[in-house]
Structure formats: C-alpha cells, structure tokens
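See below for the structure under consideration.
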Amino acid sequence: MIDLLPKRLIVGLLGCIGCTFLYVLRSNISVAIIAMVEPIQVIHMFNNTGTQTDGPKYPWSESAQGLVLGAYFYGYTVTQFCGSYADKFGAKWMTGL
C-alpha cells in the first residue's frame, strides 16, 4: 500500500501528524500540571468529608513547575540542531528518524 502513495505525500502526512502531536502536548501539559501538584494556598469553601482519589500530588515549587512547563519550549532549541542536520543530509532522512 505504501508503494501506491507518493513519498512526498507520506512525508507531508508525517509532518502533519507531528504538528498535531506537538499541539496536543503543549495544550495538555499546562492543564495536567494543575492536577499533578499540591496547591500552594488552599481555601476550603465548603465542608467535604469524602475521600478524593485523584492520584499522587507532587510538592513542586513554582520554579520546578516553571521548568516543567518550559521544558516543552526548551525542546525548540533541540529542533534547531535537527534542522541543521536536515540541511546536510536531507529532510527525507531526518523525517525518517
């Protein structure tokens, strides 16, 4: 089946899927970190006597949370190196990796 599709279409589809994954990752990490860390300041508005089973909470400081959120954007620097290798070896080889 792959032989029936042009190679440029496959490369284009891989690029589109990659961009979709990057957008989903960028959107979800900032939402997920809210559920992952212990709140710094808790204000109880009502009396809740039930148990809550949301999973583990991590005691990350604000700077650690900033590093986690910034790690996605630090990855942009790594992609610059991949881009320079794509200039040397060609986009086909770098996309295949």
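Under the numbering used here, the residue at position 31 of the sequence shown is numbered 22, and the numbers go up by one with no gaps.
Positions of the beta carbon are idealized from the N, C-alpha and C atoms, including for glycine.
Model, not experiment: these values are computed from the prediction.
> What separation, rounded to the nearest whole angstrom, lies between the Cα atoms of Thr86 and Asp78?
Replying inline: 12 Å
> For the alpha helix (DSSP H) that contains Gly81, what are its first and last residues?
Replying inline: It is not in any alpha helix (DSSP H) - Gly81 carries neither H nor E in the DSSP assignment.
>> The alpha helix (DSSP H) that contains Ser52, what's its start and end?
In response: Note, Ser52: premise wrong, no alpha helix (DSSP H); not H, not E.
> Taking Cβ positions, are Tyr63 and Leu16 nearer each other than 9 Å?
Replying inline: yes
> Start and end of the alpha helix (DSSP H) containing Gly6?
Replying inline: Lys(-2) to Met27
> Taking one C-beta from the stretch 20 to 30 and one from the stretch 51 to 60 each time, how about it: are there three or more such pairs within less than 8 Å?
Replying inline: yes
>> Comparing C-alpha positions only, which one of Leu13, Ser18 and Lys(-2) sits nearest to Thr70?
In response: Leu13
> Beta carbon of Leu60, beta carbon of Ile8: below 9 Å?
Replying inline: no
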